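A.B. asks: Pasting a structure here, questions to come.
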């Protein structure tokens, strides 16, 4: 993903760094020194407190969470958010593992349904983005005993889960599935064909993890008789190699990475019958004989009982990702049936947690007869109620706004709860509507700004993580009618720090797109702003499909750096959400379909020209910077159309420079394949326009050379194109760094370098002839 759950089961984790300095309700603001880059990137000055999240209990405002002591022991705790009462459920001082002779730390945990056992996850290591491989132990609640699930010497385990009956655990190791009988602790291998470079059982490949968010690819049936799993075969995909050049000899990192238009992994659904250990595969028409018509299985799971038995549901998606079938698979026969089909002229989003979609498209309800479906079929993302057989009951929400999160349906009160953009794309709020048909959306959250909410299992309470563009995130407990019940984290120390620094605040505004469409924007002005003077302008861009940089929410380090540029260096700083961004319905978001980078660049150029007309903007000193998709946008806006006459400086970090170099799933979702859309790929590639860099423009390209996402190859090929056109530019590489370019003091070095580049090339007025 070019980047910048079950919500009743997994509580939020506040997106802020842990506090590294003391603070509390009575913290006092202190006189702050002049703002420095060290304050932002090499100190705890702007770190906030994070509220201890966890998992909701079955009833009431109670969560369970992991508490780490000063000695490194980890307790499993129960916490009543309303009363403040805490109870220790598992004493971490007792988690002495006999196989390693030391305490283990709880990193994750799962109770059996009867509460007698807990599966503990520990000693994990990272697999690309997340720590998805580690070791598991079984804790007996009554006896207080701890037992390893498997022999450590056999290797890491992934995605271990107890069956619903609490009698067995299954897990993935080395691309195969294994089964452990908890009564005897006997381990049995279930699949045998998993191997590097070929078959993957129960987990996924790089591109499925990155673009569909699919990592855990197996699930128990509700009766514990079957395991459903995805099997991928990456034999025909191609290796991508990266070289770590920091040692005496290069260390090659190889992984399968299907690029746009190339072969994906084959995929199908398998079913293991646990009594006989036999494996059957459903005919999803995605395995070898399938073509572009049926390419992906991005999500799957088990239904509640339908006619007395649960079935596997799965999404089957074509290669262009605009034709989605919901299939049911009978576990006894492996036969399939289509129960719902969704089609779009552009694309259908199924990934969660990005592009403003926080939950999966399908949610089966506790009544075991209905599911809620999310669709953009009427031009905005809304909720639809279906019977489990695929019969549409009614549309639950309706209006010229997008639902961004579905929280639950209360049948007793006849209400559906959701987060949406009803108050406008700059904000998010919690709403309720009657479930018996479209009606008036009632706003529950009250403060203007951005609300990330999480409802309790019984839908009686919610946690609200709220911020606005000038206020750090605050976490509060509320009853379902919106009344505040408790402050869970006020972040008083950080708020006092922000008050002391009194940084210039972003002001929201609008500009016009190249076609006259109103675009949302913000601008930061220097403290001593004088409208009779002129200032250099730096624009920040991301601009990718469904994204937003213009939001009424806390912006963290990046926004503080922008405020630093305004305060300490006299910059105007602005950001504009071009056509193709999120929160404004399907048509606005889909405008860039099959032409990524073209309309967005036109809009950024048009916005810059309008801002240049302001009397206090120096039209000769306008710069643009962005990261990832924003780096791609920076290059295109500098080089396309009127860009060379509009922007004098560009800073492009980790950019895509040719969509043929990016992965299949993300790229083809918006562009189709290079074979189907060669002109779209050519027109959207910055390398196409390398010869348009003007001699008066200053361009800086930055990339990490171990970027597994947007490969360093992109920057190298852009450099080659610029050199072939005899264009002068600047280049910075970060050895051993990935797409995030972090680690140690890397961020301090990075933003010091960018700041110096901007002050050298943008802050100094252009000499008049």
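Residue numbers (my numbering): -11 to 757.
In this text, a Cβ means the ideal position worked out from N, Cα and C, and glycines have one as well.
Note that this is a predicted model, so its numbers are computed, not measured.
From the DSSP output, in three-state form, read off residue 13 for me.
C.D. replies: Along the chain shown, one-based indexing puts residue 13 at 25. Low local confidence applies: a pLDDT of 33 at residue 13 is under 50, so the model's placement there is unreliable, with the coordinate-based value given in what follows. Coil at residue 13, not helix or strand.
A.B. asks: For residue 495, is the classification buried or exposed, using 16 other Cβ atoms within 10 angstroms of its Cβ as the cut-off for buried?
C.D. replies: On the chain shown, position 507 is the one that residue 495 refers to. Label assigned to residue 495: exposed.
A.B. asks: Distance, Cα to Cα, residue 683 vs residue 677?
C.D. replies: Here the question's residue 683 lines up with position 695 in the chain shown. Here the question's residue 677 lines up with position 689 in the chain shown. Each residue's alpha carbon lies about 14 Å from the other.
A.B. asks: By Cβ distance, which residues of its chain are closer than 6 Å to residue 561, with the 5 residues on each side in sequence left out?
C.D. replies: As a first step, residue 561 must be located in the chain shown, where it is residue number 573. Correct list, in chain order: 512, 526, 550, 553 and 554.
A.B. asks: At 3 residues or longer, what runs of the beta strand (DSSP E) sit wholly inside the region 593 to 622?
C.D. replies: Entirely contained in the region 593 to 622, the beta strand (DSSP E) runs reaching 3 residues are, in chain order, 605 to 615.
A.B. asks: If you draw a straight line from the C-alpha of residue 371 to the C-alpha of residue 327, how long is it?
C.D. replies: Residue numbering aside, residue 371 sits at position 383 when the chain shown is read from its first letter. Residue numbering aside, residue 327 sits at position 339 when the chain shown is read from its first letter. One C-alpha to the other measures close to 17 Å.
A.B. asks: I need the boundaries of the beta strand (DSSP E) containing residue 578, first residue and last residue.
C.D. replies: Against the chain shown, residue 578 aligns to sequence position 590. Looking at the DSSP string, residue 578 is not in any beta strand (DSSP E); the run it does join, the alpha helix (DSSP H), is 574 to 578.
A.B. asks: Using the three-state DSSP reduction, which class does residue 486 fall into: helix, strand or coil?
C.D. replies: As a first step, residue 486 must be located in the chain shown, where it is residue number 498. Helix at residue 486.
A.B. asks: Secondary structure at residue 262, three-state DSSP: helix, strand or coil?
C.D. replies: As a working note, residue 262 is residue 274 in the chain shown. Residue 262 falls in the coil class under three-state DSSP.
A.B. asks: CA-CA distance, residue 717 and residue 602?
C.D. replies: Here residue 717 refers to the residue found at position 729 of the chain shown. Here residue 602 refers to the residue found at position 614 of the chain shown. About 29 Å.
A.B. asks: Would residue 109 count as contacting chain B if we go by Cβ distances under 8 Å?
C.D. replies: No chain B appears in the structure shown, which is made up of a single protein chain.
A.B. asks: Identify every run of the alpha helix (DSSP H) within the region 656 to 697, keeping only runs that are complete inside it and at least 4 residues long; order them along the chain.
C.D. replies: Whole alpha helix (DSSP H) segments, 4+ residues: 666 to 672.
A.B. asks: Output the distance between the C-alpha atoms of residue 659 and residue 289, rounded to the nearest integer angstrom.
C.D. replies: Counting from one through the chain shown, the residue named residue 659 turns up at place 671. Counting from one through the chain shown, the residue named residue 289 turns up at place 301. Roughly 29 Å separates the two Cα atoms.
A.B. asks: Quick one: Cα of residue 707 to Cα of residue 244, how far?
C.D. replies: Here residue 707 is taken as the residue at index 719 of the chain shown, counted from 1. Here residue 244 is taken as the residue at index 256 of the chain shown, counted from 1. For residue 707 and residue 244, the distance between alpha carbons rounds to 25 Å.
A.B. asks: Can you list, in chain order, the residues of its chain with a C-beta nearer than 7 Å to that of residue 18? Leave out the 5 residues immediately preceding and following it.
C.D. replies: As a first step, residue 18 must be located in the chain shown, where it is residue number 30. Since pLDDT at residue 18 reaches only 47, below the 50 mark, its modelled position is unreliable, and no value is offered.
A.B. asks: If you reduce the DSSP assignment to three classes, tell me which class residue 198 lands in.
C.D. replies: Here residue 198 corresponds to residue number 210 of the chain shown, with the count starting at 1. Residue 198 falls in the helix class under three-state DSSP.
A.B. asks: How long is the line joining the alpha carbons of residue 312 and residue 583, rounded to whole angstroms?
C.D. replies: On the chain shown, position 324 is the one that residue 312 refers to. On the chain shown, position 595 is the one that residue 583 refers to. The straight-line gap from Cα to Cα measures roughly 22 Å.
A.B. asks: At 4 residues or longer, and completely inside the region 357 to 400: list those alpha helix (DSSP H) runs for me, N to C.
C.D. replies: Correct list: empty.
A.B. asks: What number of angstroms, rounded off, separates the C-alpha of residue 749 from the C-alpha of residue 556?
C.D. replies: One-based indexing of the chain shown puts residue 749 at position 761. One-based indexing of the chain shown puts residue 556 at position 568. Looking at the two C-alpha atoms, the distance is approximately 16 Å.
A.B. asks: In whole angstroms, what separates the C-alpha of residue 746 from that of residue 701?
C.D. replies: Within the chain shown, numbered from 1, the residue matching residue 746 stands at position 758. Within the chain shown, numbered from 1, the residue matching residue 701 stands at position 713. So the alpha carbons of these two residues sit roughly 25 Å apart.
A.B. asks: Among the candidates 507, 491 and 490, whose CA atom is the shortest distance from the CA of residue 498?
C.D. replies: Numbered from 1 along the chain shown, position 510 holds the residue referred to as residue 498. Taking only the C-alpha atoms, the option nearest residue 498 is 507.
A.B. asks: In angstroms, rounded to a whole number, what distance separates the CA positions of residue 558 and residue 515?
C.D. replies: Translated into positions along the chain shown, residue 558 becomes position 570. Translated into positions along the chain shown, residue 515 becomes position 527. Distance between the alpha carbons of residue 558 and residue 515: 8 Å.
A.B. asks: Where does the unbroken alpha helix (DSSP H) through residue 633 begin, and where does it stop?
C.D. replies: Walking along the chain shown from the start, residue 633 turns up at place 645. In this chain, the alpha helix (DSSP H) harbouring residue 633 covers 631 to 634.
A.B. asks: Please determine, among 315, 213, 37 and 30, the residue with the shortest C-alpha to C-alpha distance to residue 479.
C.D. replies: As a position in the chain shown, residue 479 is number 491, starting the count at 1. 37 is the residue among 315, 213, 37 and 30 whose C-alpha sits nearest the C-alpha of residue 479.
A.B. asks: State the beta-bridge partners of residue 443 as determined by DSSP.
C.D. replies: As a first step, residue 443 must be located in the chain shown, where it is residue number 455. Answer by DSSP bridge pairing, in chain order: 450.
A.B. asks: According to DSSP, is residue 758 helix, strand or coil?
C.D. replies: Because the chain spans -11 through 757 in this model, residue 758 falls outside it and cannot be assessed.
A.B. asks: For residue 574, is the classification buried or exposed, using 16 other Cβ atoms within 10 angstroms of its Cβ as the cut-off for buried?
C.D. replies: If you number the chain shown from 1, residue 574 lands on position 586. With 16 or more other Cβ atoms within 10 Å, it is buried.
A.B. asks: Residues in its own chain within less than 8 Å of residue 739 by CB, not counting five upstream and five downstream?
C.D. replies: Residue 739 sits at position 751 when you count from the first residue of the chain shown. Taken in chain order, the residues that qualify are 25, 28, 29 and 549.
A.B. asks: For residue 619, which residues of its own chain have a beta-carbon under 7 Å away from its beta-carbon, when the five flanking residues on both sides are left out?
C.D. replies: Translated into the one-based positions of the chain shown, residue 619 becomes position 631. Exclusion of the five residues before and after residue 619 leaves 640, 641, 642 and 643 as the residues of its chain whose Cβ lies within less than 7 Å of its Cβ.
A.B. asks: Excluding the five sequence neighbours on either side, which residues of its own chain have a C-beta within less than 7 Å of the C-beta of residue 402, listed in chain order?
C.D. replies: The residue you call residue 402 lines up with position 414 of the chain shown. Closer than 7 Å at Cβ, skipping near neighbours: 422, 423 and 424.
A.B. asks: Taking the C-alpha atoms as reference points, what is the distance between residue 92 and residue 191?
C.D. replies: Start at 1 with the first residue of the chain shown, and residue 92 comes out as number 104. Start at 1 with the first residue of the chain shown, and residue 191 comes out as number 203. Distance between the alpha carbons of residue 92 and residue 191 is about 25 Å.
A.B. asks: Can the beta-carbon of residue 592 be found less than 8 Å from the beta-carbon of residue 612?
C.D. replies: Taking the chain shown and counting its residues from 1, the one referred to as residue 592 is at position 604. Taking the chain shown and counting its residues from 1, the one referred to as residue 612 is at position 624. The criterion of a C-beta distance shorter than 8 Å is satisfied by residue 592 and residue 612.
A.B. asks: Alpha helix (DSSP H) containing residue 549: first to last residue?
C.D. replies: Counting from one through the chain shown, the residue named residue 549 turns up at place 561. DSSP places residue 549 inside the alpha helix (DSSP H), whose first and last residues are 544 to 557.
A.B. asks: Is residue 746 helix, strand or coil when you go by DSSP?
C.D. replies: Locating residue 746 in the chain shown gives position 758, counting from the first residue. Helix.
A.B. asks: Sort 151, 182 and 578 by Cα distance to residue 167 and report the nearest one.
C.D. replies: For the purposes of this step, residue 167 is identified with residue 179 of the chain shown, where counting begins at 1. Cα-wise, what sits closest to residue 167 is 151.
A.B. asks: Based on Cα-Cα distance, which residue from 129, 735, 607 and 569 lies nearest to residue 78?
C.D. replies: Here residue 78 refers to the residue found at position 90 when the chain shown is read from its first residue. The option with the nearest alpha carbon to residue 78 is 129.
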